[in-house]
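Chemist: Pasting a structure here, questions to come.
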Amino acid sequence: MPAFFEISHHGAINGVTGSCHELRLAGGPGMLVDCGLFQGAETSRAGAGADQLAIDFPIDHIQALVVSHVHIDHVGRIPYLLAAGFKGPIVCTEPSARLLPLVLEDAMKMGVTRDARKLEKFIKLIAARIVAVPYGKWHRVVTGAGAGDDNTIDDNTIDIRFQQAGHILGSAYVECEVKSAAQRHRVVFSGDLGAPHAPLLAAPRAPHRADTLVIESTYGDSLHQGRRERSLQLKQVVERALLDEGAVLIPAFSIGRTQEILYEIEGLIHRYGSDQAGPHRWRDLEIIVDSPLAADFTRVYRQLKPFWDVEALKRVRAGRHPLSFEQLYTVGDHGQHLTALNYIKARGHPCIVIAASGMCAGGRMVNYLKALIEDERTDILFIGYQAAGTPGRDIQAHGPQGGWVELDGQRFDIRARVHTISGYSAHADQNDLVNFVQRMRVKPGHIRIVHGDDEAKRELQGKYRALLPGAEVLIPGGAGQG
279 MPAFFEISHH GAINGVTGSC HELRLAGGPG MLVDCGLFQG AETSRAGAGA DQLAIDFPID
339 HIQALVVSHV HIDHVGRIPY LLAAGFKGPI VCTEPSARLL PLVLEDAMKM GVTRDARKLE
399 KFIKLIAARI VAVPYGKWHR VVTGAGAGDD NTIDDNTIDI RFQQAGHILG SAYVECEVKS
459 AAQRHRVVFS GDLGAPHAPL LAAPRAPHRA DTLVIESTYG DSLHQGRRER SLQLKQVVER
519 ALLDEGAVLI PAFSIGRTQE ILYEIEGLIH RYGSDQAGPH RWRDLEIIVD SPLAADFTRV
579 YRQLKPFWDV EALKRVRAGR HPLSFEQLYT VGDHGQHLTA LNYIKARGHP CIVIAASGMC
639 AGGRMVNYLK ALIEDERTDI LFIGYQAAGT PGRDIQAHGP QGGWVELDGQ RFDIRARVHT
699 ISGYSAHADQ NDLVNFVQRM RVKPGHIRIV HGDDEAKREL QGKYRALLPG AEVLIPGGAG
759 QG
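To convert, note that position 64 of the sequence shown is 342 in the working numbering; the numbers rise steadily by one, no gaps.
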């Protein structure tokens, strides 16, 4: 890698959370890509984690924060970045500019304050800092000479360009053109890449060129189910609930997975709902989204139809409402949450409950689990990655063996049926990650693999080394590896 810039990693090197990467002109100014929360047992190299949120690296030279997408593990530490003295712009795509204030307001409520005045002041500050950049347009974020560099300021720059990543609405991978007076180098940060068969969003296309690539590896060691297979598995889980009048609990991030699973459920109801004579009465099914934040996101998703893919827009033109249909109910305040929880527990009516957090590490899903996990009619359906040290990972690992899980300090036996559908992951699988590189016209000579468990990173490293025998393929975290 050339000596006129540096790459450092402040998160997502010991797991999949806390994403934060730094691109810096050597000895001079730089930028961050993401600044996310850690979850579960994952930490930064300096020790920051779920319980240690303060920024643990120097930021005086950071001129801009570039946001790949608005999931909390990519943006959740922005309040702490501002508190540490960051004064630069927050650069993101146009859809992310709409969504980011909602995410950060919720993060502030959960971890900092619920004081209305303080929240209003904070959101105004965020709104003033946000710079929305259209997909495909170059935008300068860093200007300045490196240490000991006699070149003019304009000769030492970093320009960025967003390209659709297909992960959630507004998600992007970031192309960075790093320039000195004598050299240019293209660095690409993948952010979180989506699967090509994800609903609502267009599949990501590989960049023309990457000299250096920093790429995620969440599913670097596995392959997803196809769309038909995952839809069939979802149908089977729901039909079991229709027969035994149980609840299907789906832990999901408020943004991205919630909207994708609603889209799929609407498709199943549209296809099978007219059959009221059979044993599975789809029109009797209630779908409950118990998350004010998810409801807000879904509303914004509906407003941003120009960013939907062709298939989703075809449904809309046919008069269907894939994110707003008759059997869908949203739950607002805490009182409504308790009412919904007691209603489901007492009535025994077939339903699907979608609530955060996606890893069962907090949020309203925990209350549903405490109430229903010991009921044999309950189905728990995981549609996203479960990080080590989270209750979701424990349920996923021990549930099929009749184990137990600790929730809010209490032990609960897992009598519910536990399912995992990998096809609904918003992340690229191993084949997708390999294809992302293989389809580049100018392939990278240097690859850094982040955002994955150790085995996923090692397997993907092997795939890239086989694909590009002359490339340097590193897993950051070891001595001297950035």
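Even for Gly, the Cβ is constructed at its ideal location relative to N, Cα and C.
Taking only the alpha-carbon atoms, compute the straight-line gap between Glu652 and Met388 and give it to the nearest angstrom.
Modeler: As a position in the sequence shown, residue 652 is number 374, starting the count at 1. As a position in the sequence shown, residue 388 is number 110, starting the count at 1. Roughly 28 Å between the two C-alpha positions.
Chemist: What residue range is occupied by the uninterrupted alpha helix (DSSP H) comprising Gln708?
Modeler: Counting from one through the sequence shown, the residue named residue 708 turns up at place 430. Where Gln708 is concerned, the enclosing alpha helix (DSSP H) stretches over Gln708 to Gln716.
Chemist: DSSP puts Arg392 in a beta bridge; with which residues?
Modeler: Along the sequence shown, one-based indexing puts residue 392 at 114. Answer by DSSP bridge pairing: none, since Arg392 is not bridged.
Chemist: Could you give the distance in angstroms between the alpha-carbon of Arg549 and the alpha-carbon of Thr656?
Modeler: To locate residue 549, count along the sequence shown from 1; it is residue 271. To locate residue 656, count along the sequence shown from 1; it is residue 378. Approximately 24 Å between the Cα atoms of the pair.
Chemist: List the whole-angstrom C-beta distance separating Ala459 from Tyr451, where the pair is believed to meet the contact cut-off of C-beta under 8 Å.
Modeler: On the sequence shown, residue 459 is found 181 positions in, with the first residue counted as 1. On the sequence shown, residue 451 is found 173 positions in, with the first residue counted as 1. No, Ala459 and Tyr451 are not in contact; Cβ-Cβ is about 28 Å, not under 8 Å.
Chemist: Strictly by DSSP, which residues pair up with Lys457?
Modeler: The sequence position of residue 457 within the sequence shown is 179, counting from 1. In the DSSP output, where bridge partners are listed per residue, Lys457 has Thr435 and Arg462.
Chemist: Runs of 4 residues minimum, wholly inside the stretch 641-709: which ones carry the alpha helix (DSSP H) assignment?
Modeler: Complete alpha helix (DSSP H) runs here, min 4: 643-650 and 669-676.
Chemist: Based on the DSSP output, what are the partners of Arg407 in its beta bridges?
Modeler: Taking the sequence shown and counting its residues from 1, the one referred to as residue 407 is at position 129. Beta-bridge pairing links Arg407 to no other residue.
Chemist: Under a Cβ-count criterion, where at least 16 other Cβ atoms within 10 Å of its own Cβ denotes burial, should Thr391 be classed as buried or exposed?
Modeler: Mapped onto the sequence shown, residue 391 falls at position 113. When all chains shown are included, Thr391 counts as exposed.
Chemist: With distances taken Cα to Cα, identify the nearest neighbour of Ala362 among Asp334, Val492 and Gly469.
Modeler: The residue given as residue 362 occupies position 84 in the sequence shown. For the residues Asp334, Val492 and Gly469, the minimum Cα distance to Ala362 belongs to Asp334.
Chemist: In whole angstroms, give me the CA-to-CA distance for Ile692 and Phe660.
Modeler: Against the sequence shown, residue 692 aligns to sequence position 414. Against the sequence shown, residue 660 aligns to sequence position 382. Going from the Cα of Ile692 to the Cα of Phe660 covers about 14 Å.
Chemist: Leaving out five residues before and five after Ser532 in sequence, what residues of the same chain have Cβ atoms less than 6 Å from its Cβ?
Modeler: Translated into positions along the sequence shown, residue 532 becomes position 254. If we look at Ser532 and ignore the five residues flanking it on each side, its Cβ neighbours are Ser569, Leu571, Ala572, Phe575 and Ala634.
Chemist: Are there 16 or more other CB atoms within 10 angstroms of the CB of Gly748, so buried, or fewer, so exposed?
Modeler: Locating residue 748 in the sequence shown gives position 470, where the first residue counts as 1. With fewer than 16 Cβ atoms within 10 Å of its Cβ, Gly748 is classed as exposed.
Chemist: Report yes or no: do the stretch 683-698 and the stretch 715-722 share at least 3 C-beta pairs separated by less than 8 Å?
Modeler: These segments do not touch.
Chemist: Just reading off the beta strand (DSSP E) that Ala633 is part of, what are its end residues?
Modeler: Within the sequence shown, numbered from 1, the residue matching residue 633 stands at position 355. Run containing Ala633: Cys629 to Ala633, per the beta strand (DSSP E) assignment.
Chemist: If you compare alpha carbons, which of Ala385, Arg561 and Arg580 is closest to Leu478?
Modeler: Counted from its first residue, the sequence shown places residue 478 at position 200. The residue with the shortest Cα to Cα distance from Leu478 is Arg580.
Chemist: Taking C-alpha atoms, which residue in Arg487, Leu382 and His417 lies nearest to Ile401?
Modeler: Here residue 401 is taken as the residue at index 123 of the sequence shown, counted from 1. Nearest C-alpha to Ile401: Leu382.
Chemist: Within 10 angstroms of its Cβ, does Glu604 collect 16 or more other Cβ (buried), or is it exposed?
Modeler: Working through the sequence shown from its first residue, we reach residue 604 at position 326. With fewer than 16 Cβ atoms within 10 Å of its Cβ, Glu604 is classed as exposed.
Chemist: To which residues does DSSP link Arg487 through a beta bridge?
Modeler: Walking along the sequence shown from the start, residue 487 turns up at place 209. Answer by DSSP bridge pairing, in chain order: Val720.
Chemist: Give me the DSSP bridge partner(s) of Asp568.
Modeler: Stepping through the sequence shown from its first residue, residue 568 is reached at position 290. Its beta-bridge partners are Val609.
Chemist: Going by DSSP in three states, Met637 sits in which element: helix, strand or coil?
Modeler: For the purposes of this step, residue 637 is taken as the residue at position 359 of the sequence shown. Coil at Met637, not helix or strand.
Chemist: What residue does the alpha helix (DSSP H) around Thr536 start on, and which one ends it?
Modeler: As a first step, residue 536 must be located in the sequence shown, where it is residue number 258. Unbroken alpha helix (DSSP H) run through Thr536: Arg535 to Tyr550.
Chemist: Comparing alpha-carbon positions, which option in Arg505, His339 and Gly306 lies nearest Ser700?
Modeler: Within the sequence shown, residue 700 is the residue found at index 422, counting from 1. Comparing Cα positions, the closest option is Arg505.
Chemist: Tell me, to the nearest whole angstrom, how far the beta carbon of His417 is from that of Val369; I am working on the premise that it is less than 8 Å.
Modeler: Numbered from 1 along the sequence shown, position 139 holds the residue referred to as residue 417. Numbered from 1 along the sequence shown, position 91 holds the residue referred to as residue 369. Correct: roughly 7 Å between the Cβ atoms.
Chemist: Using DSSP with H/G/I as helix, E/B as strand and the rest coil, what is Pro584?
Modeler: Taking the first residue of the sequence shown as position 1, residue 584 is located at position 306. Helix at Pro584.
Chemist: State the Cα-Cα distance for the pair Ile630 and Leu650, rounded to the nearest angstrom.
Modeler: Against the sequence shown, residue 630 aligns to sequence position 352. Against the sequence shown, residue 650 aligns to sequence position 372. Ile630 and Leu650: Cα-Cα distance of roughly 12 Å.
Chemist: Along the alpha helix (DSSP H) that carries Arg518, what are the first and last residues, could you check?
Modeler: Position 240 of the sequence shown, counting from 1, holds the residue named residue 518. Residues Arg505 to Asp522.
Chemist: Given a threshold of 16 other Cβ atoms within 10 Å of its Cβ, counted over all protein chains shown, does Val588 qualify as buried or as exposed?
Modeler: Along the sequence shown, read from residue 1 onward, the residue named residue 588 stands at position 310. It is exposed - the Cβ of Val588 has fewer than 16 other Cβ atoms within 10 Å.
Chemist: Taking only the alpha-carbon atoms, compute the straight-line gap between Pro357 and Arg483 and give it to the nearest angstrom.
Modeler: Residue 357 sits at position 79 when you count from the first residue of the sequence shown. Residue 483 sits at position 205 when you count from the first residue of the sequence shown. Each residue's alpha carbon lies about 32 Å from the other.
Chemist: Whose C-beta lies closer than 6 Å to the C-beta of Arg642 among residues of the same chain, with five residues either side of it excluded?
Modeler: The sequence position of residue 642 within the sequence shown is 364, counting from 1. Only Asp568, His615 and Ala633 meet the Cβ criterion.
Chemist: Output the boundary residues of the beta strand (DSSP E) element that contains Ala342.
Modeler: Working through the sequence shown from its first residue, we reach residue 342 at position 64. Note, Ala342: beta strand (DSSP E), Ile340 to Val344.
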